[in-house]
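Working notes, structure below.
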Ligand SMILES: Nc1ncnc2c1ncn2[C@@H]1O[C@H](COP(=O)(O)OP(=O)(O)OP(=O)(O)O)[C@@H](O)[C@H]1O
Ligand SMILES: [Mg+2]
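Numbering (our numbering), first residue to last: 487 to 652.
What follows is the structure, given as structure tokens:
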């Protein structure tokens, strides 16, 4: 067992730290990021491999969400991308059609027409290249639309109705 020392009197079993799901909760400034920094330093020192994905950074830098799913239940990752205003190129399949409004939030391509799918990706690339301000405006509109459609105020009454009816 490898134990990491994260500070005086605070040792952590590596297996506990990096397997399964962990979550650090605390109010702003309470010291969530700091121990994560110490943790990764200790992992480096012990030669243990790890990967950090900055989801928010990735979404903020992305310009297009490409999804090739054959079907979806509740496509949370698609909603997550759309909440950052990223237009989507997807196939017109179950689950996705409930989320993406054609030509506004993205393009729904007949399943599995890969040539049209590729053309849609290229057309977004051209739109991005030809006018960054226009593309930013599109992103803002998508983010505004999705964040209001799936806001607490919009969703909670629907959930309440569903639970009461059933
Ligand atoms: N154990 C510690 N020893 C020394 N300094 C610490 C420790 N924990 C936190 N700090 C310092 O306290 C400040 C806030 O910590 P941190 O940035 O980890 O908070 P946070 O909970 O991630 O904040 P936010 O919610 O804003 O992201 C930072 O300046 C950090 O360096
Ligand atoms: Mg932080």
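C-beta: ideal position from N, C-alpha, C; glycine also. Since this is a predicted model, take the numbers as computed values, not measurements.
Span of the beta strand (DSSP E), counted from its first residue to its last, around residue i
i	result
residue 496	Note, residue 496: premise wrong, no beta strand (DSSP E); not H, not E.
residue 489	489 to 491
residue 554	It is not in any beta strand (DSSP E) - residue 554 carries neither H nor E in the DSSP assignment.
Residue i to residue j span [Cα, whole Å]
i	j	result
residue 520	residue 531	17 Å
residue 612	residue 595	18 Å
residue 547	residue 491	35 Å
residue 497	residue 488	10 Å
residue 585	residue 534	40 Å
residue 556	residue 576	9 Å
residue 564	residue 515	30 Å
residue 650	residue 639	17 Å
residue 573	residue 625	7 Å
residue 495	residue 525	14 Å
residue 628	residue 522	33 Å
residue 540	residue 568	17 Å
Collapsed DSSP secondary structure at residue i in the structure displayed
i	result
residue 548	coil
Start-to-end residues for the alpha helix (DSSP H) that takes in residue i
i	result
residue 563	562 to 569
residue 572	Taken as a continuous stretch (DSSP letters only), residue 572 belongs to no alpha helix (DSSP H), as it is neither H nor E.
Write down every uninterrupted run of the alpha helix (DSSP H) in the segment 494 to 540 whose length is 4 residues or greater and which is fully enclosed by it, in chain order.
-> 500 to 504 and 519 to 531
In chain order, each beta strand (DSSP E) run of at least 3 residues that lies wholly inside the segment 579 to 636 | 592 to 595
Near ligand 1, which residues have their beta-carbon less than 5 Å from any of its heavy atoms, given in chain order?
-> 514, 515, 516, 517, 518, 519 and 520
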